[in-house]
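Chemist: Please read through the structure below; I'll follow up with questions.
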Amino acid sequence: MTNWEYYFGTTERTALMEVEFYAIPAMVIVKREERAGNTATLRVVARFYSYEGYLEWLKAERDDGTVKWEEDA
Numbered sequence: 003m004t005n006w007e008y009y010f011g012t013t014e015r016t017a018l019m020e021v022e023f024y025a026i027p028a029m030v031i032v033k034r035e036e037r038a039g040n041t042a043t044l045r046v047v048a049r050f051y052s053y054e055g056y057l058e059w060l061k062a063e064r065d066d067g068t069v070k071w072e073e074d075a
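The opening residue of the sequence shown carries number 3 in our numbering; numbering runs sequentially from there.
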């Protein structure tokens, strides 16, 4: 599953996301709404200092922490 599929793949998931684009300096910040009781906050999911980096991240496979490399074992 790519990052795009995980964060933006359905209407319900997309409704929880906020993406901010800045021109100078070139930066993209991806945030996700999290609810705790009656309050909602936006948590930064990822920050990119180029638009190309953001596009690469959208296409990349999502790293949910379950993948373990042999040198990490």
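Note that CB positions come from ideal geometry on N, CA and C, so glycine has one too.
If you draw a straight line from the alpha carbon of R49 to that of E20, how long is it in whole angstroms?
Modeler: For the purposes of this step, residue 49 is taken as residue 47 along the sequence shown, with counting starting at 1. For the purposes of this step, residue 20 is taken as residue 18 along the sequence shown, with counting starting at 1. Each residue's alpha carbon lies about 12 angstroms from the other.
Chemist: Let me know if Y53 comes out buried or exposed under the rule of 16 or more other beta-carbons within 10 Å of its beta-carbon.
Modeler: Translated into positions along the sequence shown, residue 53 becomes position 51. It is exposed - the Cβ of Y53 has fewer than 16 other Cβ atoms within 10 Å.
Chemist: Which class does A38 belong to by DSSP, given the choice of helix, strand or coil?
Modeler: Here residue 38 refers to the residue found at position 36 of the sequence shown. The answer is strand: DSSP assigns A38 an E or B state.
Chemist: State the DSSP-derived secondary structure class of R15, mapped to helix, strand or coil.
Modeler: Here the question's residue 15 lines up with position 13 in the sequence shown. Reduced to three states, the DSSP call for R15 is helix.
Chemist: Hey, quick one: how far does the alpha helix (DSSP H) through Y51 stretch, first residue to last?
Modeler: Counted from its first residue, the sequence shown places residue 51 at position 49. Where Y51 is concerned, there is no enclosing alpha helix (DSSP H), given that its DSSP letter is neither H nor E.
Chemist: Could you give the residue range of the alpha helix (DSSP H) that holds E63?
Modeler: Your numbering for residue 63 matches position 61 in the sequence shown. That residue, E63, is in no alpha helix (DSSP H); it is neither H nor E in DSSP.
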